[in-house]
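This report refers to the structure that appears directly beneath it.
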Amino acid sequence: MIVVGLTGGIGSGKSTVSAELAKRGAVVIDADATARELQQPGQPVFTAMVEAFGDGILAADGTLDRLAVAQLVFPNPELLKQLNAITHPAIGAEIRRRMREHAGTDRVVVLDVPLLIESARYPITGIAVVDVPVDVAVQRLVDLRGMDEADARARIARQATREERLAKADFVIDNSGSRADLAAQIDPLWDWMTSLEPVADGDIRLTDAVDTSPINKHLF
-9 MIVVGLTGGI
1 GSGKSTVSAE
11 LAKRGAVVID
21 ADATARELQQ
31 PGQPVFTAMV
41 EAFGDGILAA
51 DGTLDRLAVA
61 QLVFPNPELL
71 KQLNAITHPA
81 IGAEIRRRMR
91 EHAGTDRVVV
101 LDVPLLIESA
111 RYPITGIAVV
121 DVPVDVAVQR
131 LVDLRGMDEA
141 DARARIARQA
151 TREERLAKAD
161 FVIDNSGSRA
171 DLAAQIDPLW
181 DWMTSLEPVA
191 DGDIRLTDAV
201 DTSPINKHLF
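In our numbering, the protein residues as written are -9 to 210.
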């Protein structure tokens, strides 16, 4: 099993790249999607969050109000640390479980992880970074997601810098141009990924330490 970390800042187009890789046969394990599944009503993570932070984090339909959680915990480092202690171990365990399903195979597993650079260590043999200039990312967030420019810049500022991601990259996808420009880079990316060495099955784990970094991207 080949395991590649795919990361990029908000607004970089990382989800578009992972979707194209899935079309080529990659198994995409999306950390954000995993987090959202674990935060559904009835799940242990959801129950623990409500017990810790109260019913004020719930929407009218009883689901998690992610904006309410963000507004509660981001200004308070202790609450954010508490949230991370609830969510990160569960997310890590679920990612490990999904990876184990492909142990011993020749599948290419893509770990689509927004905070790959900022936080946990993963059993990977390469890191692919989807890169865009900050101003381009901001404009796309404003145009495509309807974000306020100040909010977009604040969210980008809470993540690793562009320079930090590029310093860790083994393969860089430049998504500052058109969709056609991006599409032309997918086959070279796939060729690079399939040339990598597989990870040892015994290494399918995250670090045992609880990640208490001051960012919890899985709220958004």
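All C-beta atoms in this analysis are idealised placements derived from N, C-alpha and C, irrespective of residue type, glycine included.
Values in this document were obtained by computation on a predicted structure and should not be read as measured data.
Neighbour-count burial assignment, residue i, 16 or more Cβ in a 10 Å radius
i       : result
Asp201  : Caution is warranted here: a pLDDT of 38 is assigned to Asp201, below 50, making its placement in the model unreliable, and the coordinate value is therefore given only provisionally. Classification for Asp201: buried.
Ala144  : exposed
Leu54   : buried
Gln30   : exposed
Ala25   : buried
Ser168  : exposed
Ala150  : buried
Arg155  : buried
Gly(-1) : buried
Leu209  : With a pLDDT of only 48 at Leu209, under 50, the local geometry of the prediction cannot be trusted, and the value read off the model is given with reservation. Answer is buried; the Cβ neighbour count reaches 16.
Pro104  : buried
Asp51   : exposed
Thr37   : exposed
Gly(-5) : buried
Nearest residue (CA-CA) to residue i, options the options
i      : options                         : result
Leu106 : Val63, Leu69, Asp125, Ala157    : Ala157
Leu4   : Ala58, Asp121, Ala190           : Note that residue 4 corresponds to Lys in the displayed sequence, not to Leu. It is Asp121 whose Cα lies nearest to the Cα of Lys4.
Thr95  : Thr184, Ser2, Gly1, Gly(-2)     : Thr184
Arg97  : Thr(-3), Asp22, Gly32, Leu186   : Leu186
Trp211 : Ser168, Ala159, Asp171          : Residue 211 is absent from the model: the chain starts at -9 and stops at 210.
Leu78  : Thr115, Leu172, Ala21, Ala16    : Note that residue 78 is His in the sequence shown, not Leu. That would be Ala21, whose Cα lies nearest to the Cα of His78.
Ala173 : Val103, Ile(-8), Val7           : Val7
Gln33  : Ile76, Gln72, Val99             : Ile76
Val17  : Pro65, Asp102, Leu57            : Asp102
Ile227 : Val100, Leu(-4), Glu10, Val(-6) : Here the chain covers residues -9 to 210 and nothing more, so residue 227 does not appear.
Leu73  : Glu84, Ala93, Ala42, Gln61      : Ala42
Arg148 : Ile(-8), Ala60, Arg56           : Ala60
Simplified DSSP assignment, three categories, for residue i
i       : result
Asp116  : It should be noted that the sequence gives Gly, not Asp, for residue 116. If DSSP states are grouped into helix, strand and coil, Gly116 belongs with the strands.
Thr(-3) : strand
Asp164  : strand
Val35   : helix
Asp20   : strand
Val189  : coil
Leu28   : helix
Val122  : coil
Leu296  : Only positions -9 to 210 of the chain appear in this structure, which leaves residue 296 out of reach.
Leu101  : strand
Leu48   : strand
Asn206  : Bear in mind that the predicted position of Asn206 carries a pLDDT of just 48, short of 50, making it too unreliable to give a figure here.
Neighbourhood of residue i by C-beta, 6 Å cutoff - its chain only, sequence neighbours within 5 removed
i     : result
Leu28 : Val35, Ala80
Same chain, Cβ closer than 7 Å to residue i, five either side skipped, listed in chain order
i      : result
Ser166 : Val122, Pro123, Val126
Leu179 : Ala118, Phe161, Ile163
Arg14  : Trp180
Pro65  : none
Residues of its chain near residue i, where Cβ-Cβ distance is below 8 Å and the 5 sequence neighbours each way are ignored
i      : result
Val132 : Asp138, Glu139, Ala142
Val40  : Ile47, Leu48
Trp45  : A small fix is needed here, since residue 45 is Asp in this sequence, not Trp. Within the same chain, Asp45 has no close Cβ partners at all.
Asp198 : Only weak support is given to the placement of Asp198: the predicted model assigns it a pLDDT of 36, under 50, and the value that follows is read from those uncertain coordinates. Hits under 8 Å: none found.
Residue i beta carbon near the ligand NAD (any heavy atom closer than 7 Å)
i     : result
Asp96 : The ligand NAD is not among the ligands present in this structure, which contains no ligands whatsoever.
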